[in-house]
Amino acid sequence: PLPPPPPGRPRGGFPGGGGPRRGGRVPLAGRPALPRGAPLPAPDGAILDVGRKTRTIPPALGRAVRARGRGCRFPGCTARRCDAHHVRHWADGGATRLDNLVLLCRRHHRAVHEEGFRVEVDPGGEVAFRWPDGRPFPAAPASPRWTGPALAPTDARLAVAGIAIGPATATPHWHGERLDLGYAIDVLWTPRAG
51 PLPPPPPGRP
61 RGGFPGGGGP
71 RRGGRVPLAG
81 RPALPRGAPL
91 PAPDGAILDV
101 GRKTRTIPPA
111 LGRAVRARGR
121 GCRFPGCTAR
131 RCDAHHVRHW
141 ADGGATRLDN
151 LVLLCRRHHR
161 AVHEEGFRVE
171 VDPGGEVAFR
181 WPDGRPFPAA
191 PASPRWTGPA
201 LAPTDARLAV
211 AGIAIGPATA
221 TPHWHGERLD
231 LGYAIDVLWT
241 PRAG
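Be aware that the sequence shown starts at 51, since it is given in my numbering, and climbs by one per residue.
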């Protein structure tokens, strides 16, 4: 428990004695004005903007980015396991706040940082990507949904090719005998016609 406040002063300095306590949230009603550069709380009191204080993304801000993004924002990517990426990198003066973060899967996060791809967010929140040479990356349509049996297209191609796959298809016909190297070379090597 916290020590009692000095006489005549409410706990935490908030009207009615409210205010942040260990594990608590900042109430919106009766909250004093935040000083410039202070973390910006969401309606539930969670911090959604830590500015330039830290590059690390607080849990509440991470949840907000995931709720807004719902997966990798790279065109055509459907990956769900993603990292939050600073659009304007923190080392270059970018802030750790919701409008400067997008979700990228590990592959596309690496493409942005190491391969020269660029990500941009317009004032309306639309995300656009650019090739390393600056050309705009085309928007990709969502992947089509397949509603039939899972392997129906593959099964159809195999049937046309006369290939039957069954329970023993992947069973090798090798029982541990020594490799006949001469036979293997005769099967795999074709002499050049001279």
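Cβ coordinates follow ideal geometry from the N, Cα and C atoms, glycine included.
This structure is a prediction, so every number in the text was calculated from the model and none was measured.
Only residues of its own chain outside the window of five on either side were considered, and among them VAL152, LEU153, LEU154, VAL177 have a CB closer than 7 Å to the CB of ARG123, listed in chain order. Sequence-distant partners of ALA189 (beyond 5 residues in either direction) whose C-beta falls short of 6 Å from its own C-beta, in its chain, are PRO125. In the three-state reduction of the DSSP assignment, ASP142 falls in the helix class. Taking the CA atoms as reference points, GLY184 sits about 8 Å from ARG168. Counting C-beta atoms within 10 angstroms of its own C-beta, ALA220 has fewer than 16 neighbours from the protein chains shown and is therefore classed as exposed.
In this structure, the alpha-carbon of ALA114 lies about 7 Å from that of LEU148. HIS158 is positioned such that its CB atom lies closer than 8 Å to that of CYS127.
In this chain, the alpha helix (DSSP H) harbouring ASP236 covers 231 to 238. The beta carbons of GLU170 and VAL137 sit closer together than 8 Å.
For ALA141, there are no CB contacts under 6 Å within the same chain when 5 residues up- and downstream are skipped. Residue pairing of VAL210 in beta bridges, as defined by DSSP: absent, with no partner found.
Within a 10 Å sphere around the beta-carbon of ALA214 sit fewer than 16 other beta-carbons, which makes this residue exposed.
Judged by DSSP in its simplified three-state form, ASP133 adopts strand. Secondary structure at ARG228: coil, using DSSP grouped into helix, strand and coil. Comparing alpha carbon positions, the residue from GLY112, GLY121, ALA110, ALA202 closest to ARG156 is GLY121.
Where GLU170 is concerned, the enclosing beta strand (DSSP E) starts and stops at 168 to 171. With a 10 Å radius around the Cβ and a threshold of 16 neighbouring Cβ atoms, LEU229 comes out exposed.
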